[in-house]
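When we follow full-length UniProt numbering, the leftmost residue of the sequence shown carries the number 1, and every step to the right adds one. The structure under discussion appears below in the form of structure tokens.
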Amino acid sequence: NRHIPYRENKNLTGTARYASCNTHLGIEQSRRDDLESLGYVLLYFLRGSLPWQGLKAATKKQKYDKICEKKLSTPIEVLCKSHPVEFASYLHYCHSLTFDQRPDYGFLKRLFRELFTREGCSFDYIFDWTIMKFQQAQKSRSQSQSVAIPGGSTSRAVPMDVDKNQGGQNAVYSGDMTERIRVGNGVSSNARIHSSSAVEKNWSTENNAYKDLPSTSFSSRGVLK
């Protein structure tokens, strides 16, 4: 396969907030730019905002110029302050790549895999958004559609399947399945989940009980391999 040719004086393509510095400078985008943009997305998730958000200008071009100036003038160490050093290492590596250089994806995977392990996280494939969908579905169900059963008690239903584009709103529910978690193809007697808020959640589960939680679109076989 041949790499795309190097070009300059290109118009900005993509979302300015996450665009690489070279993209702002009009240089053709390549693999290094995709990785740099991914780094900005990750930092946006961690920080909640980026230093070049909210800049005002009379025209779109002037705004892009201001964003570019802010990106170029913000040191990586400042951008990644108070966050694990791996994020600064990641961005420094992205900036070191030449236009057509193939990134060492194995090195980048190891950076975050080691961070994942050091933070005490588990490969349970339970994500923050999966937990949120599960909790929202249970709350909605308990408020509007409690199912009466003999003896005067009720049984809350949990989602069996969820349209990936609609979240928990179009879920198909099944009774007698409460607080059960899907973790890909694995089974655990006590799944430990570490959320981004640093609050540890413990879910007590049964064998084969994971099939009833709305899943993400990710395949567990393809994650962090």
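Quick reminder that beta carbons are idealized off the backbone N, C-alpha and C, glycines included.
DSSP three-state assignment for residue i, whether helix, strand or coil
i                 : result
phenylalanine 123 : coil
glutamate 114     : helix
threonine 23      : helix
lysine 10         : coil
7 Å CB neighbourhood of residue i in its chain, flanking five on each side removed
i             : result
arginine 2    : none
tyrosine 105  : none
asparagine 22 : Asp33
valine 199    : Annotation note: pLDDT 34 at valine 199 (below 50); position unreliable, coordinate value reported separately. Closer than 7 Å at the Cβ level, and outside the excluded window around valine 199, lies no residue.
histidine 83  : Leu46
alanine 19    : Leu12 and Ser37
lysine 60     : none
Own chain partners of residue i with C-beta closer than 8 Å, once the 5 adjacent residues on each side are dropped
i             : result
glutamate 87  : The sequence shown places phenylalanine at residue 87, not glutamate. Here the set comprises Gly39, Leu42, Leu43, Leu46 and Cys80.
leucine 108   : Leu35, Tyr90 and Tyr93
leucine 55    : Lys63, Lys66, Ile67 and Lys70
isoleucine 76 : Ala88, Leu91, His92 and His95
alanine 58    : none
glutamate 114 : Glu86
glutamine 53  : Arg17
Residue range of the unbroken alpha helix (DSSP H) whose run includes residue i
i            : result
arginine 47  : 31-47
arginine 141 : 128-144
Beta-carbon separation (whole angstroms), residue i vs residue j, contact threshold 8 Å
i            : j             : result
glutamate 36 : tyrosine 6    : The pair is not a contact, with the Cβ atoms about 17 Å apart (cut-off 8 Å).
histidine 24 : lysine 70     : Going by Cβ atoms, the distance from histidine 24 to lysine 70 rounds to 10 Å, so no, they are not a contact pair.
tyrosine 64  : leucine 12    : 6 Å
arginine 17  : glutamine 101 : So it is not a contact: roughly 25 Å between Cβ atoms.
leucine 97   : proline 103   : 6 Å
Same chain, Cβ closer than 6 Å to residue i, neighbours up to 5 away in sequence not counted
i             : result
residue 230   : Any question about residue 230 goes unanswered here, given that the chain covers just 1 to 225.
threonine 74  : Pro51
valine 85     : none
histidine 116 : The sequence given here places phenylalanine at residue 116; histidine does not occur at that position. Once the five neighbours on either side are set aside, phenylalanine 116 has no close Cβ partner at all.
asparagine 9  : Gly26
serine 189    : Any reading at serine 189 must be qualified, since the residue scores a pLDDT of 37, below 50, and its modelled position is unreliable; the value itself is stated next. Counting only Cβ-Cβ distances below 6 Å, and skipping sequence neighbours, we find nothing.
threonine 15  : none
Which full runs of the alpha helix (DSSP H) of 4+ residues lie inside the region 50-107, going along the chain?
60-73, 76-79 and 85-96
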